[in-house]
Structures are given as C-alpha cells and as structure tokens.
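Student: The sequence shown begins at 399 in the working numbering and counts up by one.
We put the CB at the ideal spot given by N, CA and C, even for glycine.
The structure presented is a predicted model; accordingly, all values stated were derived computationally and were not measured.
There's a structure below that I have some questions on.
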Amino acid sequence: MCGRFASTTAPEDLVGIFGVEQWDPTETVAASWNVAPTSPAFVVLDRPPRGGGAPVRQLRVLRWGLVPSWSQSPETAVKMINARSDTIHEKPSYRQAFASRRCLVPVDGYYEWETIPTEKGKPRKQPYFVHRADGTVLALAGVYEFWRDRRHPPDHPEAWMVTCAIVTTDAEPALAPIHHRMPLFLDPSSFDAWLDPALDDPGRLFPLLVPPAPGALVARPVGPAVGNIRNNGPELLRPADEVEPDESVLF
Numbered sequence: 399m400c401g402r403f404a405s406t407t408a409p410e411d412l413v414g415i416f417g418v419e420q421w422d423p424t425e426t427v428a429a430s431w432n433v434a435p436t437s438p439a440f441v442v443l444d445r446p447p448r449g450g451g452a453p454v455r456q457l458r459v460l461r462w463g464l465v466p467s468w469s470q471s472p473e474t475a476v477k478m479i480n481a482r483s484d485t486i487h488e489k490p491s492y493r494q495a496f497a498s499r500r501c502l503v504p505v506d507g508y509y510e511w512e513t514i515p516t517e518k519g520k521p522r523k524q525p526y527f528v529h530r531a532d533g534t535v536l537a538l539a540g541v542y543e544f545w546r547d548r549r550h551p552p553d554h555p556e557a558w559m560v561t562c563a564i565v566t567t568d569a570e571p572a573l574a575p576i577h578h579r580m581p582l583f584l585d586p587s588s589f590d591a592w593l594d595p596a597l598d599d600p601g602r603l604f605p606l607l608v609p610p611a612p613g614a615l616v617a618r619p620v621g622p623a624v625g626n627i628r629n630n631g632p633e634l635l636r637p638a639d640e641v642e643p644d645e646s647v648l649f
C-alpha cells in the first residue's frame with residue numbers, strides 16, 4: 399500500500415512548517431501529483447551538518463525506496479517503499495534505520511486503491527486520494543539509509559545513495575474498507591522525538607508508532623489516470639464524478 403503520493407508544497411513553505419534550520423535551495427525537486435517508487439522526494443530529518451556538530455533539522459531530497467547498507471544492488475528499492483510498524487524494529491532491512499535514522503515525508507496526501515468485485519472478469523480498482531481534512535501537510539513517518547556504490551571512489555558524486563521508506567500501520571476504521579493498511583502519520587507534538595537520532599531506546603520509540611486519533615483523514619474517489627505514472631498534474635486530484643470519460647483513459 400501507499401505506492402503513490404502527491405507532493406506539491408513549496409520547499410520554502412516546508413522549511414517554515416517543520417522548523418528547518420538547514421536547506422540548500424539547489425537541492426530541490428519539482429512539484430508532483432503522482433510520486434512513484436524510486437522517485438526523489440522531500441524529507442525532513444535531524445542530522446549533524448557536514449563537518450560535525452550537533453544535529454540540525456534539514457530539508458533533504460531522498461529517493462523513495464530503501465536500499466539497505468548491506469545490499470549488493472540498489473534494485474531492491476522498488477520493493478522496499480514501506481516498512482510495517484509492527485516489525486520495523488526487528489527486520490534486518492529496517493532496524494538500524496529505525497534506531498537512529500528516522501525522517502518525515504511531507505505530502506499533500508496519498509493514493510490508495512480499493513478492489514471492487516465485478517460480475518464478470520477482473521475486479522475493478524477504484525483509486526482514492528487520502529488527505530488531511532483541514533488541507534494541511536501530512537507528515538508521514540519514515541526511515542532512511544545510506545548505500546555505498548563500490549563502483550565509484552568515495553569522493554565521487556554518485557558514490558553514495560540516500561533512500562527512504564514510509565512506515566505503515568493498521569488503517570483506521572473509516573479507511574479500512576479501502577485498504578487494511580495506511581501510512582503512519584504524525585502530529586507536530588511527535589516530530590522532535592521521532593527525528594531525534596539520539597533516541598534509540600525501543601521502549602521510548604514504540605509509543606511513537608501509534609497513529610493519531612481517527613478522524614483527521616478523509617478519502618475521496620478520483621479518476622483512474624493516477625494509475626499511470628506518466629500522468630502528472632492537479633487534475634489527478636479531481637473527484638471521480640467530475641472526471642470526463644475521455645479523461646479517465648490511461649495513456
């Protein structure tokens with residue numbers, strides 16, 4: 399689940415929303431209404447600046463789809479876009495990142511597909527756009543990891559790849575009919591603790607894996623065009639009943 403999301407908030411606004419202290423304007427990514435696995439995305443993290451020192455809050459661009467540090471190839475990323483909250487502390491691919499490399503993935507909302515049986519043929523897939531009811535940025539819990547490409551020397555621009563995964567949890571009751579899982583999103587009161595790289599005690603981390611109270615999210619059906627990653631624009635967010643038949647064709 400959570401295989402696509404929309405991210406169109408300007409980086410300057412994300413800096414203010416999340417209290418970012420360090421951001422390089424040259425490290426950016428274009429607004430997207432259809433972010434797919436292996437695409438670049440903004441994340442917020444706390445990490446010492448280059449040269450050392452105390453951790454500072456940073457806005458960075460990471461590739462969505464985690465590549466474990468021990469992986470032989472980055473090709474695993476497309477399969478590791480999500481990490482289950484109930485096993486993230488024990489899975490070899492995620493446990494080290496969960497212990498000290500946690501981040502927030504700010505999104506406008508995410509897409510989920512409901513499987514609807516039909517009388518004949520394959521079931522129909524109905525996409526929904528899930529977002530905060532108040533329209534504010536949704537802060538998804540994430541983890542990130544560094545992967546060393548041994549084909550390049552350490553100082554080569556492509557020697558290191560930094561990737562991330564989104565943490566998922568059980569869907570709240572209103573969303574469960576669409577899909578039984580949902581991304582774990584955090585309220586501002588949890589941001590500091592989740593991003594603190596010094597907080598590595600599982601006993602103190604587990605309470606952060608509890609999602610906010612139900613009711614903050616709403617889901618609306620949208621047209622099927624989002625199913626094709628070549629389609630990208632604000633029209634993807636239009637309610638399904640406002641989409642003309644010729645706009646629903648995947649191309």
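On the CB-based measure, 16 or more other CB atoms within 10 Å of its CB, does residue 544 come out buried or exposed?
Tutor: exposed
Student: Mind pulling the beta strand (DSSP E) runs of 3 or more residues that sit fully within the region 576-625?
Tutor: 579-581, 615-619
Student: Mind checking residue 406: buried by the 16 CB within 10 Å criterion, or exposed?
Tutor: exposed
Student: Does the Cβ of residue 417 have 16 or more other Cβ atoms within 10 Å, making it buried, or fewer, making it exposed?
Tutor: Result: exposed.
Student: By the 10 Å Cβ neighbour count, where 16 or more other Cβ atoms means buried, how is residue 423 classified, buried or exposed?
Tutor: exposed
Student: Out of 460, 471, 513, point me to the one whose CA is closest to residue 619's CA.
Tutor: 513
Student: Classify residue 441: buried if its beta carbon has 16 or more other beta carbons within 10 angstroms, exposed otherwise.
Tutor: buried
Student: Can you find at least 3 beta carbon pairs, one from the region 503-511 and one from the region 573-584, that sit closer than 8 Å?
Tutor: Three or more beta-carbon pairs drawn from the region 503-511 and the region 573-584 are found closer than 8 Å, and the two stretches are therefore classed as touching.
Student: Going by C-alpha to C-alpha distance, which of 453, 523, 429, 520 sits closest to residue 499?
Tutor: 453
Student: List the DSSP bridge partners of residue 637.
Tutor: 620
Student: Residue 582 and residue 617 look like a contact to me (Cβ under 8 Å); what is the Cβ gap, rounded to whole Å?
Tutor: So it is not a contact: roughly 16 Å between Cβ atoms.
Student: Helix, strand or coil, according to DSSP, for residue 628 in the structure here?
Tutor: coil
Student: Specify the secondary structure class of residue 493 as computed by DSSP and reduced to three states.
Tutor: helix
Student: What three-state label does DSSP hand residue 400 in the structure shown?
Tutor: Per DSSP, reduced to three states, the secondary structure at residue 400 is coil, with no helix or strand assignment.
Student: Taking its Cβ as the centre, do 16 or more other Cβ atoms sit within 10 Å of residue 589, making it buried, or is it exposed?
Tutor: Buried.
Student: Measuring straight from C-alpha to C-alpha, what distance separates residue 505 and residue 495?
Tutor: 21 Å
Student: Short of 6 Å in beta carbon distance, which residues of its chain neighbour residue 635, apart from the five on each side in sequence? Order them along the chain.
Tutor: 527
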